[in-house]
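To start, the structure itself, in structure tokens.
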Amino acid sequence: MSTLTMTDLTKLLRACAGDAEHADLDGDVLDETFADLGYDSLALLELSGQIKQRYGVALPDDAARVTATPRQFLALVNSLS
């Protein structure tokens, strides 16, 4: 898998939330918490499933708990690919 970028993550988050305008993910949001961006643990579980399905990267069960920001999530996914 190539490196997962913020652009890729933004597309996946919007798809997982089921709302293209769910949150403003444009700009510098790498260090904003997912909660502040409007994403709950259910959305993050869906995101983990999409990462596995689309990229073949199986995230640990506690990924939603240990990655509070997009930067942390990207680092985890890219370290496992």
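Under the numbering used here, the very last position in the sequence shown is 83; numbers go up by exactly one each time. We put the CB at the ideal spot given by N, CA and C, even for glycine.
Open item on the list: Between which residues of its own chain and R73 is the CB-CB distance below 7 Å, once the five residues before and five after are set aside?
Closed with: Close CB contacts of R73 within its chain, under the 7 Å cut and outside five residues either way in sequence, are with L32, D33 (chain order).
Task: First through last residue of the alpha helix (DSSP H) which encompasses Y57 - done: For Y57, the enclosing alpha helix (DSSP H) has its first and last residue at 43-57.
Open item on the list: For a quick check, are the C-beta atoms of V79 and L6 less than 7 Å apart?
Closed with: Yes, they are a contact pair.
Open item on the list: Using beta carbons (cut-off 7 Å, strictly below), is E48 in contact with chain C?
Closed with: In summary, chain C is missing from the structure at hand, where a single protein chain is found.
- [ ] Identify which residue in R56, A65, D30 has its Cα closest to the Cα of S43.
- [x] Closest option to S43, Cα to Cα, is A65.
Open item on the list: Quick check on DSSP: helix, strand or coil for D30?
Closed with: When DSSP states are grouped into helix, strand and coil, D30 belongs to the coil group.
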